[in-house]
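Asker: The opening position of the sequence shown corresponds to residue 672 in the numbering used here, with each subsequent residue numbered one higher. Glycine included, C-beta positions come from ideal geometry on N, C-alpha and C.
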Amino acid sequence: MSSYNPLLSEWNTPFNTPPFQLIETSHFLPAVEEAVKSAEKDIELIANNPDIPTFNNTIAALDKSGEILTRITSVLFNLNSAETNKLLQEAAQQASPILTRFSNDITLNTKLFERIVNIFENKETSGFTSEQKILIERKYRSFMLGGAGLKENDRKRFREISEELATLSLKFDENVLEETNSWILHLTDKSDLEGLPGSIVEVAAKEALSRDKEGWVFTLHYPSYIPFMQYSGKRYLREKMLRAYSSRAFTGNENDNSDIVIKIVNLRLEISRMLGFSTFAEMVLGDRMADTPEKVEKFLEELYTASKPAAFRDLNTIRSYAKENGLEEQLERWDWAYYSEKLKKKLYDIDDEILKPFFSLDKVESAVFSLATKLYGLRFSPNKNIPVYNKEVRAFEVYDNDDTFLSILYLDYHPRQGKGGGAWMTSYRDQRKEKNKDIRPFISIVANFTRPSDSRPSLLSFSELTTFLHEFGHSLHGMLTRCTYESLSGTNVARDFVELPSQFMENYAYEKEWLDSFAIHYQTGEKIPEEIIWKIKEAATFNEGYGCYRQLSFGFLDMAWHSIKEPVEGNIADFETGVMSKTELFPPIAGLNMSASFGHIFGGGYAAGYYGYKWAEVLDADAFEYFTETGIFNNKTAESFRKNILEKGGTEYPAALYRKFRGKDPSIHALLKRSGLEVS
Ligand SMILES: [Zn+2]
């Protein structure tokens, strides 16, 4: 075995991109170990510097430290998502604890923290730029939230709570998964399949077969549950399914999450108090665009009041439609999806098979590139000499309108074994400046778009088209950035601001002017008919009043659990009903509960963040409205979006950046208009 390790050597490739062809899985772990050692030395040098702490010798130095480690881990984790195998997964798993320990050691380095505190306390009087001030605040905050400011006794309790919370969240998710997996609807009578499309029945038959059962098996997993609720003509079966789905982890068995919910919110409160906050929401929101619980509540309330008429409009529409179609009892929640789907089909009969032939991937790609050329003057030039990790991946050099080099862009479109599901944008190198030299980024889009077959090219569904635009929007944020410090550049912005560039781009999918430029039937050469564009647009607003209301109800519930000022006890159903009754459109049903399976906030990382979905929609609708007012390809508007949003990363507060771009604060009205929520 040779000791040569490309991960630790210089990269003599075009633009110093990762030399994928030289990297072997066995290189990762030794490289990570070696790089952590050298990063530890960087940290010690900063912490033990005899000079008085300055921005450069502490904050900037910290931002630059561990450069090689960052380079290695981004290759490791990006490949582990896009091109993995058992060995690579093992390498990632072995690297993780080493990296966690390293980052904990940094946070708990007292000498280093003292230097940061010193700079933080003098940040208003030291003549720092706004970018420097924000970097100081971010570093200070991450140390504070990591427990760096705590006394030794409190540190111990802090560690205990952190570990307990991690365990409880895992257990929460496990319980939901277990409950989702363990319940099935087993049908043996053919008449019970009434209304279900053949493809869904087929899957249910296979499911039954795999379980050694006769007939058909439906499960609580989305791909089975959702179509069942949309199409099953058997009302009592829909009721059964919904009751099972909505009482997961809330039936009093060993998977019940009630106690876990109470424990999680109380421990989150305790940790927030230790760190000097009055609620968990206040702690979490500190670095968001909506930076206080009051702002979030105000936002949710405003949207709630505005969308209420539309929610009731939708409810009445579906109620009367159901009545006309034979429903004699009152409309219940298990009737909603069924009658909605029927009405939607009647009004806008479009499906993916009609749309796909107009969206061949090669045409979509060149249309997306042209859009970036039209808006920002970008030029994309393929370069086959740039190493890639799979022969399907293509690499492009991206140039600005004055021909200066901006970025590398990798495109990796299709599903493969070893690639995770969904689509995402990521980077192999973030932008930063080093002694006036602009180090440009390496951006990548990874997707799972339908593969071409022998008889047809890769044809995208409409949602794949919007996904492409979405990830490309994130990529523009990554590629166009012009910042000084790596941890503020590109998409390193507030959580409730990061989806603005991506969701903004999705708007183009509904614009005739853009669709006309490329949406041509791959066989007949026919242009996408105007009627279809109209239907796409209209269908997107269908039941949006109801949809918005539902999202808001989850937002309220999330905020309520994380705004408690005293520990709670007792019944999670009572707490939930108290919060959600104002957004309730259906008669209450005992035994159903949302909190017990609300994985976003109790399992995943959306605690006090669920409002962010609607927040981002408000931003992207308001931003795009500016384009529709001035022309969707208007260069001046695009220039302002670029200069104030896409180039700036996190170097200024998001609210200020937005105001510079738009000339005013975002308002909810563009979203209300776009979603058809303005009821007169
Ligand atoms: Zn996104």
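Could you spell out the range, first to last residue, of the beta strand (DSSP E) harbouring Asp1109?
Answerer: Along the sequence shown, one-based indexing puts residue 1109 at 438. 1108-1110 is the span of the beta strand (DSSP E), which, as asked, contains Asp1109.
Asker: Hey, how far is the Cα of Phe814 from the Cα of Leu783?
Answerer: The residue given as residue 814 occupies position 143 in the sequence shown. The residue given as residue 783 occupies position 112 in the sequence shown. Between Phe814 and Leu783, the C-alpha separation is close to 10 Å.
Asker: Whole angstroms is fine: what's the gap from Glu1024's alpha carbon to Pro1200's?
Answerer: Start at 1 with the first residue of the sequence shown, and residue 1024 comes out as number 353. Start at 1 with the first residue of the sequence shown, and residue 1200 comes out as number 529. Going from the Cα of Glu1024 to the Cα of Pro1200 covers about 15 Å.
Asker: Can you have a look at Tyr1329 and say buried or exposed, based on whether 16 or more other CB atoms are within 10 angstroms of its CB?
Answerer: What you label residue 1329 is simply residue 658 of the sequence shown in a count that begins at 1. Buried: at least 16 other Cβ atoms inside 10 Å.
Asker: Looking at Ile1057: is its Cβ nearer than 8 Å to the Cβ of Ala1066?
Answerer: Against the sequence shown, residue 1057 aligns to sequence position 386. Against the sequence shown, residue 1066 aligns to sequence position 395. Cβ distance < 8 Å, so Ile1057 and Ala1066 count as in contact.
Asker: Between which residues of its own chain and Ser943 is the CB-CB distance below 8 Å, once the five residues before and five after are set aside?
Answerer: Taking the first residue of the sequence shown as 1, we reach residue 943 at position 272. Around Ser943: Ser949, Thr950, Phe951, Glu953, Met954.
Asker: Taking only three categories from DSSP, how would you classify Glu1201?
Answerer: As a first step, residue 1201 must be located in the sequence shown, where it is residue number 530. If DSSP states are grouped into helix, strand and coil, Glu1201 belongs with the helices.
Asker: Taking 8 Å as the threshold (C-beta atoms), are Leu1159 and Ile717 in contact?
Answerer: Position 46 of the sequence shown holds residue 717. Position 488 of the sequence shown holds residue 1159. Cβ distance not < 8 Å, so Ile717 and Leu1159 don't count as in contact.
Asker: Less than 7 Å between the CB of Ser1268 and some heavy atom of ligand 1, yes or no?
Answerer: As a working note, residue 1268 is residue 597 in the sequence shown. No, ligand 1 has no heavy atom inside 7 Å of this Cβ.
Asker: Apply the 10 Å Cβ neighbour rule to Met672 and answer buried if 16 or more other Cβ atoms are within range, or exposed otherwise.
Answerer: As a position in the sequence shown, residue 672 is number 1, starting the count at 1. Low confidence applies to Met672: its pLDDT is 49, below 50, so where it sits in the model is not reliable, and the reading given next is rough at best. Classification for Met672: exposed.
Asker: In whole angstroms, what is the alpha-carbon distance linking Phe1295 and Lys1335?
Answerer: Stepping through the sequence shown from its first residue, residue 1295 is reached at position 624. Stepping through the sequence shown from its first residue, residue 1335 is reached at position 664. C-alpha separation (whole angstroms): 14 Å.
Asker: Could you tell me whether the region 810-830 touches the region 858-872, using the rule of 3 or more Cβ pairs below 8 Å?
Answerer: no
Asker: Tell me, please, whether the region 1173-1191 touches the region 1122-1132 by the rule of three or more beta-carbon pairs shorter than 8 Å.
Answerer: no
Asker: For my contact list, Asn928 and Ala1267 are in at a C-beta cut-off of 8 Å; report their separation, rounded to the angstrom.
Answerer: For the purposes of this step, residue 928 is identified with residue 257 of the sequence shown, where counting begins at 1. For the purposes of this step, residue 1267 is identified with residue 596 of the sequence shown, where counting begins at 1. Confirmed, about 4 Å.
Asker: What residue range does the alpha helix (DSSP H) around Ile936 cover?
Answerer: For the purposes of this step, residue 936 is identified with residue 265 of the sequence shown, where counting begins at 1. A quick correction: the sequence has Val, not Ile, at residue 936. Start and end: 929-945.
Asker: How is Asp1083 classed by DSSP in three states: helix, strand or coil?
Answerer: Taking the sequence shown and counting its residues from 1, the one referred to as residue 1083 is at position 412. Correct three-state label for Asp1083: strand.
Asker: Excluding sequence positions up to five away, which residues of its chain have a Cβ less than 7 Å from the Cβ of Leu839?
Answerer: Position 168 of the sequence shown, counted from the first residue, corresponds to residue 839. Within the same chain, Leu839 has close Cβ partners Ile931, Lys934, Ile935.
Asker: Grouping DSSP H, G and I as helix and E and B as strand, with all else coil, what is Lys1236?
Answerer: By one-based count along the sequence shown, residue 1236 stands at place 565. The answer is coil: DSSP assigns Lys1236 none of H, G, I, E or B.
Asker: At what residues does the alpha helix (DSSP H) containing Ile790 begin and finish?
Answerer: Looking up residue 790 in the sequence shown gives position 119. Here the alpha helix (DSSP H) through Ile790 covers 781-792.
Asker: Need the endpoints of the beta strand (DSSP E) that Leu856 sits in, please.
Answerer: Residue numbering aside, residue 856 sits at position 185 when the sequence shown is read from its first letter. It spans 855-858 - the beta strand (DSSP E) in which Leu856 sits, taken as one unbroken run.
Asker: Compute the distance between the beta-carbons of Leu1151 and Leu1317, then report whether it is under 8 Å.
Answerer: For the purposes of this step, residue 1151 is taken as residue 480 along the sequence shown, with counting starting at 1. For the purposes of this step, residue 1317 is taken as residue 646 along the sequence shown, with counting starting at 1. Closer than 8 Å, so yes.
Asker: So if I measure from each beta-carbon to every heavy atom of ligand 2 and keep distances below 6 Å, which residues remain?
Answerer: Ligands present in the displayed structure are limited to ligand 1, and ligand 2 is not among them.
Asker: Consult DSSP for Tyr811 and reduce its assignment to one of helix, strand or coil.
Answerer: In the sequence shown, the residue the question calls residue 811 occupies position 140. DSSP places Tyr811 in helix when its eight states are reduced to three.
Asker: Identify which residue in Leu1046, Gln1194, Asn683, Glu1247 has its Cα closest to the Cα of Gly1144.
Answerer: Numbered from its first residue, the sequence shown carries residue 1144 at position 473. For the residues Leu1046, Gln1194, Asn683, Glu1247, the minimum Cα distance to Gly1144 belongs to Leu1046.
Asker: Who are the near neighbours of Val786 in its chain, counting only those whose CB is closer than 6 Å to its CB and skipping five residues on each side?
Answerer: The residue you call residue 786 lines up with position 115 of the sequence shown. The sequence shown places Arg at residue 786, rather than the Val named in the question. Cβ within range, chain order: Pro724, Thr729.
Asker: Just reading off the beta strand (DSSP E) that Met1096 is part of, what are its end residues?
Answerer: Position 425 of the sequence shown, counted from the start, is the residue given in the question as residue 1096. 1095-1100 is the span of the beta strand (DSSP E), which, as asked, contains Met1096.
Asker: Using the C-alpha atoms, what's the distance from Gly1092 back to Thr1162?
Answerer: What you label residue 1162 is simply residue 491 of the sequence shown in a count that begins at 1. What you label residue 1092 is simply residue 421 of the sequence shown in a count that begins at 1. Their Cα atoms are separated by approximately 21 Å.
Asker: Measuring straight from C-alpha to C-alpha, what distance separates Leu913 and Glu972?
Answerer: Taking the sequence shown and counting its residues from 1, one reaches residue 913 at position 242. Taking the sequence shown and counting its residues from 1, one reaches residue 972 at position 301. Each residue's alpha carbon lies about 28 Å from the other.
Asker: Taking buried to mean at least 16 other C-beta atoms within 10 Å of its own C-beta, is Asp883 buried or exposed?
Answerer: By 1-based counting over the sequence shown, the position of residue 883 is 212. Using a 10 angstroms sphere on the CB of Asp883, the tally of other CB atoms stays under 16, which defines it as exposed.
Asker: Tell me the rounded alpha-carbon separation between Tyr975 and Met1176.
Answerer: Walking along the sequence shown from the start, residue 975 turns up at place 304. Walking along the sequence shown from the start, residue 1176 turns up at place 505. If I take the Cα positions, the gap works out to 26 Å.
Asker: Report yes if the CB atom of Leu836 is closer than 8 Å to the CB atom of Leu938, and no otherwise.
Answerer: Against the sequence shown, residue 836 aligns to sequence position 165. Against the sequence shown, residue 938 aligns to sequence position 267. Yes. Within cutoff.
Asker: Given this structure, state the Cα-to-Cα distance separating Trp682 from Ile1114, to the nearest angstrom.
Answerer: Counting from one through the sequence shown, the residue named residue 682 turns up at place 11. Counting from one through the sequence shown, the residue named residue 1114 turns up at place 443. Taking C-alpha positions only, Trp682 is separated from Ile1114 by approximately 17 Å.
Asker: So the candidates are Thr1299, Lys994, Arg772; which of them puts its Cα closest to the Cα of Arg830?
Answerer: For the purposes of this step, residue 830 is taken as the residue at position 159 of the sequence shown. The option with the nearest alpha carbon to Arg830 is Arg772.
Asker: From Phe791 to Tyr1284, what distance separates their C-alpha atoms?
Answerer: Residue numbering aside, residue 791 sits at position 120 when the sequence shown is read from its first letter. Residue numbering aside, residue 1284 sits at position 613 when the sequence shown is read from its first letter. The alpha-carbon separation between Phe791 and Tyr1284 amounts to approximately 32 Å.
Asker: Can you give me the C-alpha to C-alpha distance between Phe1189 and Glu1288, rounded to a whole angstrom?
Answerer: Taking the sequence shown and counting its residues from 1, one reaches residue 1189 at position 518. Taking the sequence shown and counting its residues from 1, one reaches residue 1288 at position 617. Phe1189 and Glu1288: Cα-Cα distance of roughly 26 Å.
Asker: Considering only the alpha carbon of each residue, which of Lys861, Met945, Pro894, Leu891 lies closest to Gly904?
Answerer: Taking the first residue of the sequence shown as 1, we reach residue 904 at position 233. Here the closest residue by C-alpha is Lys861.
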